[in-house]
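Under this note's numbering, the first residue of the sequence shown is numbered -5, with each subsequent residue one higher. Every residue gets a Cβ at the ideal spot worked out from N, C-alpha and C, and that includes glycine. What follows is a single structure, written as structure tokens, with notes after it.
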Amino acid sequence: MIMTFTFDKEKVEAAGYTMESVYKAMKQAFSNRNLECISEEEELAFSGTGHNNDYGNMSMLMRNLTLEDWFMDIVKSWFFECGSTREDVLSAVRDKIAKGELIWLTNKNKKVANA
């Protein structure tokens, strides 16, 4: 299984970040879940490492990333591949938000969502 991302450089810089700082933050988040970075080029890609909890860790990161304003504001593409299936995560999340299926609540300055 692989998760890939691209980021809008203009939006990254307008938000006060650098591509390097975004990549560093993403790599740290995935590393914390024992997932490895397999590409740092134009497309940032992460892969499972063969552990039983790889899928759960990827799913947790997908959910957590949707709660991060900084991420949602700058991500340009986001795909999840498992076997022969490739899901456009970003389009699915934005579609759910547009339909009101993701409800953002504030709880002591922390966002929570019903997914």
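What are the partner residues of Met(-3), as DSSP defines its beta bridges? Residue mapping note: residue -3 aligns to position 3 of the sequence shown, counting from 1. Phe40 and Phe74.
Pull up the DSSP beta-bridge partners for Asp82, would you. Taking the sequence shown and counting its residues from 1, the one referred to as residue 82 is at position 88. DSSP lists Phe73 as partners of Asp82.
Could you tell me the boundaries of the beta strand (DSSP E) in which Glu30 lies? What you label residue 30 is simply residue 36 of the sequence shown in a count that begins at 1. Per DSSP, Glu30 belongs to the beta strand (DSSP E) from Glu30 to Glu34.
Rounded to a whole number of angstroms, what is the C-alpha to C-alpha distance between Glu34 and Tyr17? The count along the sequence shown starts at 1 and reaches residue 34 at position 40. The count along the sequence shown starts at 1 and reaches residue 17 at position 23. When rounded, the distance between both Cα atoms is 8 Å.
Would Met20 and Leu38 be called neighbours here (beta carbons separated by less than 8 Å)? Within the sequence shown, residue 20 is the residue found at index 26, counting from 1. Within the sequence shown, residue 38 is the residue found at index 44, counting from 1. Going by C-beta atoms, Met20 is nearer than 8 Å to Leu38.
Just to confirm before moving on: does the CB-CB distance between Met52 and Met(-3) stay below 8 Å? Here residue 52 is taken as the residue at index 58 of the sequence shown, counted from 1. Here residue -3 is taken as the residue at index 3 of the sequence shown, counted from 1. Yes; because the gap between Cβ atoms is below 8 Å, this pair is in contact.
Quick one: is Asp89 buried, meaning 16 or more other Cβ sit within 10 Å of its Cβ, or exposed? For the purposes of this step, residue 89 is identified with residue 95 of the sequence shown, where counting begins at 1. Label assigned to Asp89: exposed.
Give me the Cα-Cα distance between Ser15 and Glu36, rounded to the nearest whole angstrom. Within the sequence shown, residue 15 is the residue found at index 21, counting from 1. Within the sequence shown, residue 36 is the residue found at index 42, counting from 1. Whole-angstrom Cα-Cα distance: 14 Å.
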